[in-house]
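Report on one structure; see the data block that follows.
Numbering (the working numbering), first residue to last: 462 to 752.
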């Protein structure tokens, strides 16, 4: 009996390898250079604006041109999603600076962090939803749907509670936690809950929500999840809040894969948001303990 072969032709493998390298390369550069958080690699404000506008315009024009090509039309959604990513990050950076200056906010107080995260989640989620709709996609295409809600809430809820239970020792071990006691942490709880849920929502939509379904036709579920996890991990390169960056990144990579798996398994974003929010708690405990 002859075995059935489902091998891809060589040119298809080459195409997928090139696409994977381009996704990781372009996505990584966008996240490192244009992320609104932390160090800006283009320090001159005018040049920073021009680079953001230039890359956004390039990605938009490329997506629209590719859409008109019969041969390359299948790539247009991926390019347009890169444009959405760049636009969301850039608008967050621009309006975030304006908001901070207008309200005289400071990251030396928990309220400053909370206002920043609420601003980010509202702006970024709105940009994602609007442009995703303009591309002809439904909310379900970015996992904003019921899906397997019970399973998502169960997995995410358990992970969240486990993270809460281990948050103080984890903060002390990895995130420069200083003099953390239950009495000191308790007043921060409302701030931290709002911050981690907002941050979990915006990052899950910005990465896994936007890209998993766009990549799956080319790479399948596992490799798509892996590619997004790589870019997500690259984003956290250079994080100032960890006491050991390399251990942090090594731990973060499998956690990123788990968050992607939850989203794919439950066909919705809710479980991964809870999971993400939970693992962010030690980060903000460490930050707040040093304010």
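Just so it is clear, CB atoms sit at the ideal spot from N, CA and C, and this is done for glycine as well.
Supposed close pair residue i, residue j - CB separation, criterion 8 Å
{"i": "residue 638", "j": "residue 746", "result": "6 Å"}
{"i": "residue 628", "j": "residue 674", "result": "So it is not a contact: roughly 32 Å between Cβ atoms."}
{"i": "residue 626", "j": "residue 541", "result": "Their Cβ separation, rounded to whole angstroms, is 42 Å, which puts residue 626 and residue 541 out of contact at 8 Å."}
{"i": "residue 688", "j": "residue 680", "result": "7 Å"}
{"i": "residue 727", "j": "residue 613", "result": "4 Å"}
Simplified DSSP state of residue i, which is helix, strand or coil
{"i": "residue 637", "result": "coil"}
{"i": "residue 680", "result": "helix"}
{"i": "residue 470", "result": "coil"}
{"i": "residue 702", "result": "coil"}
{"i": "residue 642", "result": "coil"}
{"i": "residue 675", "result": "helix"}
{"i": "residue 496", "result": "coil"}
{"i": "residue 515", "result": "helix"}
Run of the alpha helix (DSSP H) containing residue i, from where it starts to where it stops
{"i": "residue 715", "result": "706–727"}
{"i": "residue 502", "result": "Note, residue 502: premise wrong, no alpha helix (DSSP H); not H, not E."}
{"i": "residue 734", "result": "731–750"}
{"i": "residue 604", "result": "Residue 604 -> no alpha helix (DSSP H), and no H or E assigned at all."}
{"i": "residue 651", "result": "650–665"}
{"i": "residue 610", "result": "610–626"}
Contacting residues, own chain, Cβ-Cβ under 6 Å from residue i (five flanking each side not counted)
{"i": "residue 631", "result": "743"}
{"i": "residue 516", "result": "547"}
{"i": "residue 610", "result": "none"}
{"i": "residue 624", "result": "739, 740, 742"}
{"i": "residue 748", "result": "702"}
Cβ-based neighbour list, residue i, same chain, cut-off 7 Å, excluding 5 preceding and 5 following
{"i": "residue 690", "result": "714, 717, 718, 721"}
{"i": "residue 695", "result": "489, 492, 493"}
{"i": "residue 549", "result": "585, 588, 589, 667"}
Proximal residues to residue i (C-beta, below 8 Å), its chain only, five neighbours per side dropped
{"i": "residue 462", "result": "Its pLDDT being 42, under 50, residue 462 is placed unreliably by the model, and the measurement read from it follows with that caveat. No residues qualify anywhere along the chain."}
> Enumerated in chain order, which unbroken segments of the alpha helix (DSSP H) with a length of 4 residues or greater are wholly contained in the segment 517–598?
Replying inline: 537–564, 571–595
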